[in-house]
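Enquirer: Numbering (our numbering), first residue to last: 1125 to 1400. Yeah, the Cβ is synthetic: ideal placement off N, Cα and C, and Gly gets one too. Below is one structure. I have some questions about it.
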Amino acid sequence: MEMAITGKRLKDNLFTAYCIISLLIIIVPLVHIIGTTVYYGAQAINLEFFTALPKPPGEPGGGIANAIQGTLVLAALTMAISIPSAILAAIYLAEYGNSRFKELIRLLNDTFMGTPSIVAGIFGYALIVVNFGGFSAVAGAFALSILAVPMILRASEEALKLVPKDIREAGLSLGIEYWIVITRIVLRTAFPAIASGILLALARIMGETAPLLFTAFGNPNFANSIFEPISALPLIIFIYATSPYPDWHQKAWGAALVLMLLVLGINMLVKYKYKR
1125 MEMAITGKRL KDNLFTAYCI ISLLIIIVPL VHIIGTTVYY GAQAINLEFF
1175 TALPKPPGEP GGGIANAIQG TLVLAALTMA ISIPSAILAA IYLAEYGNSR
1225 FKELIRLLND TFMGTPSIVA GIFGYALIVV NFGGFSAVAG AFALSILAVP
1275 MILRASEEAL KLVPKDIREA GLSLGIEYWI VITRIVLRTA FPAIASGILL
1325 ALARIMGETA PLLFTAFGNP NFANSIFEPI SALPLIIFIY ATSPYPDWHQ
1375 KAWGAALVLM LLVLGINMLV KYKYKR
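Now the structure itself:
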């Protein structure tokens, strides 16, 4: 009996040790990445960094104000494209019966969720850049929306399915039309979960570089129109990090820190506001 208990205790200790080692394997690289980004990025942070435009290559100073503007514009345009289309598709999938066509849509959506970002960039380049006037913020937002729509659609569909059927039946029993029940009652009830999916999709697309290389292209100045090339934080990180200038390397770390804090802030908002 004692040998059996000892054997079980040994197995329990080995399993616990395995779990701790696995946790360390995940945490240590993450802490190293965050610590390195904070250490080097903080050295580049000052008022000029946020308010000035980049200096010419090789000249020290300047900032990333154009990249911050571009990231905000691209995020807004992407969400303007993605949110209506994804939520409408989610309503169709969750509320209007079963059919093979709906299963096909779900299959295609699952496929798009695994689409590499560079493929989205090439698709945006071939469809928008080549045919509609060149690189632009609109082309960049279109490419990013290919990545955002599947995430928002899946989250919205699951959120709508979680709304009890009794709520729908109560609305219908009062003589309210079905589409009004969905838009005024069901969507409002599911809003916190839908908002979580939207914010998670936003956090993902804000860090994507490959689609923007083929579509937004970059701009050393402020963009005056959504139909012209535009910069973004991921783009400027890529360009500065691969340059031969030490000052640009430091600014790449600073831009990486800003982007990391933006994404972290969005994820924290999801966790503490919509998951309570």
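Rounded to a whole number of angstroms, what is the C-alpha to C-alpha distance between residue 1332 and residue 1268?
Expert: Reading the sequence shown from its first residue, position 208 is the one you call residue 1332. Reading the sequence shown from its first residue, position 144 is the one you call residue 1268. Rounded to the nearest angstrom, the two C-alpha atoms are 8 Å apart.
Enquirer: Using 8 Å as the threshold, is the segment 1363-1371 in touch with the segment 1177-1189, meaning 3 or more CB pairs across them?
Expert: They touch, by the three-pair rule.
Enquirer: Assuming the contact rule is C-beta atoms closer than 8 Å, residue 1347 and residue 1314 should be a hit. Round their C-beta distance to whole Å, please.
Expert: For the purposes of this step, residue 1347 is identified with residue 223 of the sequence shown, where counting begins at 1. For the purposes of this step, residue 1314 is identified with residue 190 of the sequence shown, where counting begins at 1. Not confirmed; about 35 Å, so no contact.
Enquirer: Below 9 Å between beta carbons: does that hold for residue 1165 and residue 1380?
Expert: For this step, residue 1165 is matched to residue 41 along the sequence shown. For this step, residue 1380 is matched to residue 256 along the sequence shown. Contact: yes.
Enquirer: Just how far apart, CA to CA, sit residue 1280 and residue 1135?
Expert: In the sequence shown, residue 1280 corresponds to position 156, counting from 1. In the sequence shown, residue 1135 corresponds to position 11, counting from 1. Each residue's Cα considered, the two are about 43 Å apart.
Enquirer: With a cut-off of 8 Å, do at least 3 Cβ pairs link the segment 1337-1356 to the segment 1250-1269?
Expert: Touching, yes, given that three or more Cβ pairs across the two stretches are closer than 8 Å.
Enquirer: Please report the residue range of the alpha helix (DSSP H) in which residue 1320 lies.
Expert: Counting from one through the sequence shown, the residue named residue 1320 turns up at place 196. Counting along the chain, the alpha helix (DSSP H) containing residue 1320 begins and ends at 1311-1330.
Enquirer: Taking its Cβ as the centre, do 16 or more other Cβ atoms sit within 10 Å of residue 1202, making it buried, or is it exposed?
Expert: Position 78 of the sequence shown holds residue 1202. Buried, since its Cβ has 16 or more Cβ neighbours within 10 Å.
Enquirer: Taking C-beta to C-beta, are residue 1335 and residue 1270 nearer than 9 Å?
Expert: Locating residue 1335 in the sequence shown gives position 211, where the first residue counts as 1. Locating residue 1270 in the sequence shown gives position 146, where the first residue counts as 1. Cβ atoms of residue 1335 and residue 1270: closer than 9 Å.
Enquirer: Taking a contact to mean a Cβ-Cβ separation below 9 Å, would you say residue 1294 touches residue 1206 in this structure?
Expert: Counted from its first residue, the sequence shown places residue 1294 at position 170. Counted from its first residue, the sequence shown places residue 1206 at position 82. It is not a contact, given that the beta carbons lie outside the stated cut-off.
Enquirer: Hey, residue 1339 and residue 1242: beta-carbon distance below 9 Å or not?
Expert: The sequence position of residue 1339 within the sequence shown is 215, counting from 1. The sequence position of residue 1242 within the sequence shown is 118, counting from 1. Taking 9 Å as the Cβ cut-off, residue 1339 and residue 1242 do not qualify as a contacting pair.
Enquirer: Identify which residue in 1248, 1191, 1204 and 1384 has its Cα closest to the Cα of residue 1163.
Expert: For the purposes of this step, residue 1163 is identified with residue 39 of the sequence shown, where counting begins at 1. If we check each option's Cα against that of residue 1163, 1384 comes out closest.
Enquirer: Residue 1245: which of 1265, 1190 and 1286 sits nearest, CA to CA?
Expert: Numbered from its first residue, the sequence shown carries residue 1245 at position 121. Measuring from the Cα of residue 1245, the nearest candidate turns out to be 1265.
Enquirer: Indicate whether residue 1210 and residue 1274 have their beta-carbon atoms separated by less than 9 Å.
Expert: Looking up residue 1210 in the sequence shown gives position 86. Looking up residue 1274 in the sequence shown gives position 150. In contact: residue 1210 and residue 1274 (Cβ atoms closer than 9 Å).
Enquirer: Three-state secondary structure (DSSP) at residue 1354?
Expert: Position 230 of the sequence shown, counted from the first residue, corresponds to residue 1354. Of the three classes helix, strand and coil, the one that applies to residue 1354 here is strand, per DSSP.
Enquirer: Would you mind stating whether residue 1215 and residue 1311 have Cβ atoms separated by less than 9 Å?
Expert: Sequence index remark: in the sequence shown, residue 1215 carries index 91 (1-based). Sequence index remark: in the sequence shown, residue 1311 carries index 187 (1-based). Contact: yes.
Enquirer: Using CA coordinates, which residue listed in 1320, 1146 and 1359 is at the minimum distance from residue 1412?
Expert: Here the chain has residues from 1125 to 1400 only, and residue 1412 is not among them.
Enquirer: Count the other C-beta atoms from every protein chain shown that fall within 10 angstroms of the C-beta of residue 1130, then say buried if there are 16 or more, exposed otherwise.
Expert: As a first step, residue 1130 is located in the sequence shown; it is residue number 6 there, counting from the start. It counts as exposed.
Enquirer: For residue 1365, I'd like the list of residues in its chain whose CB is within less than 7 Å of its CB, leaving aside the five on either flank, ordered along the chain.
Expert: Position 241 of the sequence shown, counting from 1, holds the residue named residue 1365. Excluding positions up to five away in sequence, the list reads 1373 and 1376.
Enquirer: What does a CB cutoff of less than 6 Å around residue 1213 pick up in its chain, not counting 5 residues either side in sequence?
Expert: Here residue 1213 refers to the residue found at position 89 of the sequence shown. Correct list, in chain order: 1277.
Enquirer: Looking at residue 1357: is its Cβ nearer than 9 Å to the Cβ of residue 1194?
Expert: Position 233 of the sequence shown, counted from the first residue, corresponds to residue 1357. Position 70 of the sequence shown, counted from the first residue, corresponds to residue 1194. Yes; because the gap between Cβ atoms is below 9 Å, this pair is in contact.
Enquirer: Tell me residue 1178's beta-bridge partners as DSSP assigns them.
Expert: As a position in the sequence shown, residue 1178 is number 54, starting the count at 1. BP columns for residue 1178 point to 1186.
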